[in-house]
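So the sequence shown is numbered by my numbering: it starts at 37 and just counts up by one. Worksheet: the structure to be examined is printed underneath.
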Amino acid sequence: MLRQLVASLTLYGMFLAPAWADIGNDEIAAYNAALEAGDAAAIQSAAIRLGEEARVNPGHPDASLLAFEAAWTLCRFSSCNGAKPAADFAAGREDAPPFAELLTAYVSWKTEPGKRTRKAVEDVLSRARAEMPTVVSVSVFREIYAADLAGQKWQDASRVAGWAVSHYAVAADALTQYRVEAQLVSISSAFNASPQAGQLQQMVHLRGELKRMLAQAEDKPDWMKETYWIANAWQGAMQAYLQSSSQRMISDSEIDKILASYVSDLPPAHDDEEEGKPPFCEGTFIQKPDIKYPSSAAFRGRIGSVMLTYKVRDGKVTEPKVLASVPIDGFRDEVVKAVSKWVYVPTEDPAKTGCRLDHDNIIQPFLFAIR
37 MLRQLVASLT LYGMFLAPAW ADIGNDEIAA YNAALEAGDA AAIQSAAIRL
87 GEEARVNPGH PDASLLAFEA AWTLCRFSSC NGAKPAADFA AGREDAPPFA
137 ELLTAYVSWK TEPGKRTRKA VEDVLSRARA EMPTVVSVSV FREIYAADLA
187 GQKWQDASRV AGWAVSHYAV AADALTQYRV EAQLVSISSA FNASPQAGQL
237 QQMVHLRGEL KRMLAQAEDK PDWMKETYWI ANAWQGAMQA YLQSSSQRMI
287 SDSEIDKILA SYVSDLPPAH DDEEEGKPPF CEGTFIQKPD IKYPSSAAFR
337 GRIGSVMLTY KVRDGKVTEP KVLASVPIDG FRDEVVKAVS KWVYVPTEDP
387 AKTGCRLDHD NIIQPFLFAI R
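See below:
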């Protein structure tokens, strides 16, 4: 984001400086220099001066844009302190940049948090769903639903994240990562607010979409792999909750059918690492010690889901790693502690069958529920 701002403003300085006789080139140069240096205090000071220059020179053709840029920079580097005059100026202009109204509402919420200012931001966001996203709109959407998540305001988080899904979708593939993130937040928050089978079905569809993305991607980005496993963990947690509370849920066969529909037209996955190796021995894990439900009172009655990957070397579990966990902490520690001591016992002697007791990638889900 910083590089984008630096690049755009440097271009203005290079090619438009001769026309800026009424907005000092010193302010432009100082602003660009501060951004390039990454000095937060210098950036804040330069942005305030740039915003002031724009406001006292309203006749300049780029006054609105410069004021908007200055206000947004102050929000990024100083929690919007000092941004209100420039933001209000930009929003009140006939040539206001896209989402200038959102920026001024966001500034008010950041500097005077409360129900009134929060509602003002939501009012603008709710109308932004069909508009082309910008850095400002994406950032504000994410910060709003992140604040709701932190405050465990599940209904609010689900609603705002749902709007964000529609908004990000306007940019198609350019914002796939953020759209998927917002979908995950919206579905999981709705489940936290009022658990229903419909949210489980939505999570399975999201998992299927991510499975297809991974199958088609040559370079599989970390965010895609991480979100896929988070969706897996959420699916497990939802199933555990619905089952333990005797609520209606979708069947395993229906889940398999949904997942298969996303990859049915793709070639079967091929594991190059397994090619040419002897088969992994048939057998069973001696699952001792048992995995225990966390003793902490904080986890009393809670549902948990952990996706774990580990290797097997000569029948012993090595390198257990949590791929995803819902909730993030607590259950994962119990799983890793127990599984790291498990031993795999083959049904027959490997020396006779030619099978192997080494495996590089076992993935296993673990569910915690009170019955």
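Positions of the beta carbon are idealized from the N, C-alpha and C atoms, including for glycine. Note that the structure is a prediction, hence the values are computed from the model and not measured.
* To do: Measure how close the beta-carbons of R349 and D394 come, nearest whole angstrom, since I'm counting them as under 8 angstroms.
  => Locating residue 349 in the sequence shown gives position 313, counting from the first residue. Locating residue 394 in the sequence shown gives position 358, counting from the first residue. About 6 angstroms separates the two Cβ atoms, so the contact holds.
* Can you name the start and end residues of the alpha helix (DSSP H) that K146 belongs to? -> As a first step, residue 146 is located in the sequence shown; it is residue number 110 there, counting from the start. Looking at the DSSP string, the run of the alpha helix (DSSP H) that includes K146 is 136 to 147.
* Among the residues of its own chain, which have a CB less than 7 angstroms from the CB of I266, if the five just before and after it don't count? -> Residue numbering aside, residue 266 sits at position 230 when the sequence shown is read from its first letter. Cβ within range, chain order: L220, A360.
* 7 angstroms Cβ cutoff met for Y67 and A90 -> Counting from 1 along the sequence shown, the entry for residue 67 is found at position 31. Counting from 1 along the sequence shown, the entry for residue 90 is found at position 54. 7 angstroms or more divides the Cβ of Y67 from the Cβ of A90.
* Simplified DSSP state of V221, which is helix, strand or coil -> Position 185 of the sequence shown holds residue 221. In this structure, V221 counts as helix in the three-state DSSP scheme.
* Could you spell out the range, first to last residue, of the beta strand (DSSP E) harbouring Y346? => Working through the sequence shown from its first residue, we reach residue 346 at position 310. Element bounds for Y346: 340 to 349.
* **Counted within 10 angstroms of its Cβ, other Cβ atoms place P304 as buried (16 or more) or exposed** => In the sequence shown, counting from the first residue as 1, residue 304 sits at position 268. Within a 10 Å sphere around the beta-carbon of P304 sit fewer than 16 other beta-carbons, which makes this residue exposed.
* Name the DSSP beta bridge partners of R392, please? -> As a working note, residue 392 is residue 356 in the sequence shown. Answer is F316.
* Asked: How many Å lie between V171 and A205 at the Cα?
  -> Position 135 of the sequence shown, counted from the first residue, corresponds to residue 171. Position 169 of the sequence shown, counted from the first residue, corresponds to residue 205. Each residue's alpha carbon lies about 14 angstroms from the other.
* By the 10 Å Cβ neighbour count, where 16 or more other Cβ atoms means buried, how is A369 classified, buried or exposed? -> Residue mapping note: residue 369 aligns to position 333 of the sequence shown, counting from 1. According to the sequence displayed, residue 369 carries Asp and not Ala. Exposed, by the Cβ-count rule.
* **7 angstroms Cβ shell around G390 - same chain, five flanking residues per side excluded** => The residue given as residue 390 occupies position 354 in the sequence shown. Only P314 meet the Cβ criterion.
* Asked: In the DSSP assignment, what residue or residues form a beta bridge with F321?
  -> As a first step, residue 321 is located in the sequence shown; it is residue number 285 there, counting from the start. Beta-bridge pairing links F321 to Y380.
* Asked: How many Å lie between L278 and M285 at the Cα?
  -> The count along the sequence shown starts at 1 and reaches residue 278 at position 242. The count along the sequence shown starts at 1 and reaches residue 285 at position 249. Whole-angstrom Cα-Cα distance: 6 angstroms.
* Neighbourhood of S100 by C-beta distance below 8 angstroms, restricted to the same chain and skipping five residues each side -> Here residue 100 refers to the residue found at position 64 when the sequence shown is read from its first residue. Around S100: A90, F125, A126, R129, D131, A132, P133, A136.
* Within 10 angstroms of the Cβ of M168, are there 16 or more other Cβ atoms? Answer buried if so, exposed if not. => Locating residue 168 in the sequence shown gives position 132, counting from the first residue. Exposed: under 16 other Cβ atoms inside 10 Å.
* Asked: In whole angstroms, what separates the C-alpha of D255 from that of T263?
  -> Taking the sequence shown and counting its residues from 1, one reaches residue 255 at position 219. Taking the sequence shown and counting its residues from 1, one reaches residue 263 at position 227. Going from the Cα of D255 to the Cα of T263 covers about 15 angstroms.
* What is the rounded straight-line gap between the Cα of Q40 and the Cα of H203? -> Stepping through the sequence shown from its first residue, residue 40 is reached at position 4. Stepping through the sequence shown from its first residue, residue 203 is reached at position 167. Caution is warranted here: a pLDDT of 29 is assigned to Q40, below 50, making its placement in the model unreliable, and no coordinate value can be reported.
* Inspect the beta-carbon positions of A405 and A276 and report whether they are closer than 7 angstroms. => Reading the sequence shown from its first residue, position 369 is the one you call residue 405. Reading the sequence shown from its first residue, position 240 is the one you call residue 276. Yes, the pair counts as a contact, with Cβ atoms nearer than the cut-off.
* To do: Please name the residue in A103, C111, P97 whose C-alpha comes closest to that of A76.
  => Start at 1 with the first residue of the sequence shown, and residue 76 comes out as number 40. Residue C111 is the option with its Cα nearest to A76.
* To do: Report yes or no: do three or more beta-carbon pairs, one from the region 208 to 226 and one from the region 176 to 195, lie closer than 8 angstroms?
  => Taking a contact to require three or more Cβ pairs closer than 8 angstroms, the region 208 to 226 and the region 176 to 195 qualify as touching.
* Rounded separation between G118 and W108 - CA only -> Within the sequence shown, the letter at position 82 stands for residue 118. Within the sequence shown, the letter at position 72 stands for residue 108. One C-alpha to the other measures close to 11 angstroms.
* Whose CA, out of F316, F367, V201, lies closest to the CA of R338? -> As a first step, residue 338 is located in the sequence shown; it is residue number 302 there, counting from the start. The shortest Cα separation from R338 among F316, F367, V201 belongs to F367.
* Range of the contiguous alpha helix (DSSP H) that encloses R282 -> For this step, residue 282 is matched to residue 246 along the sequence shown. Note on residue identity: the sequence assigns Ser, not Arg, to residue 282. First-last for S282: undefined, no H or E at that position.
* Asked: What are the start and end residues of each continuous alpha helix (DSSP H) run of 4 or more residues lying completely inside the region 54 to 134, in chain order?
  -> Assignment of alpha helix (DSSP H) within the region 54 to 134, counting only whole runs of 4 or more residues, yields 61 to 73, 76 to 92, 99 to 114, 120 to 127 in chain order.
* Residue burial classification, W199 (beta-carbon count within 10 angstroms, cutoff 16) -> Taking the sequence shown and counting its residues from 1, one reaches residue 199 at position 163. Within a 10 Å sphere around the beta-carbon of W199 sit 16 or more other beta-carbons, which makes this residue buried.
* **Residues of its chain near P356, where Cβ-Cβ distance is below 7 angstroms and the 5 sequence neighbours each way are ignored** => Here residue 356 corresponds to residue number 320 of the sequence shown, with the count starting at 1. Once the five neighbours on either side are set aside, the close Cβ partners of P356 are L344, Y346, V372, V375, S376.
* Quick one: using the 10 Å Cβ neighbour count with 16 as the cut-off for buried, is D192 buried or exposed? => If you number the sequence shown from 1, residue 192 lands on position 156. Its Cβ being crowded by 16 or more others within 10 Å, D192 is buried.
* Asked: How would you label S225, buried or exposed, when you count the other beta carbons within 10 angstroms and need 16 or more for buried?
  -> Residue 225 sits at position 189 when you count from the first residue of the sequence shown. Buried.
* What is the rounded straight-line gap between the Cα of D292 and the Cα of G340? -> Residue 292 sits at position 256 when you count from the first residue of the sequence shown. Residue 340 sits at position 304 when you count from the first residue of the sequence shown. Distance from the CA of D292 to the CA of G340, rounded to the nearest whole angstrom, comes to 22 angstroms.
* Taking the runs of the alpha helix (DSSP H) that are 4 residues or longer, which of them lie wholly in the region 240 to 280? -> 258 to 280
* Opposite L403 in the DSSP bridges: which residues? -> Position 367 of the sequence shown, counting from 1, holds the residue named residue 403. Its beta-bridge partners are S341.
* **Spatial distance of K261 from V299 (CA atoms)** => Here residue 261 refers to the residue found at position 225 of the sequence shown. Here residue 299 refers to the residue found at position 263 of the sequence shown. One C-alpha to the other measures close to 16 angstroms.
* **Whole-Å CB distance - A70 paired with I79, under 8 angstroms assumed** => Here residue 70 is taken as the residue at index 34 of the sequence shown, counted from 1. Here residue 79 is taken as the residue at index 43 of the sequence shown, counted from 1. About 4 angstroms separates the two Cβ atoms, so the contact holds.
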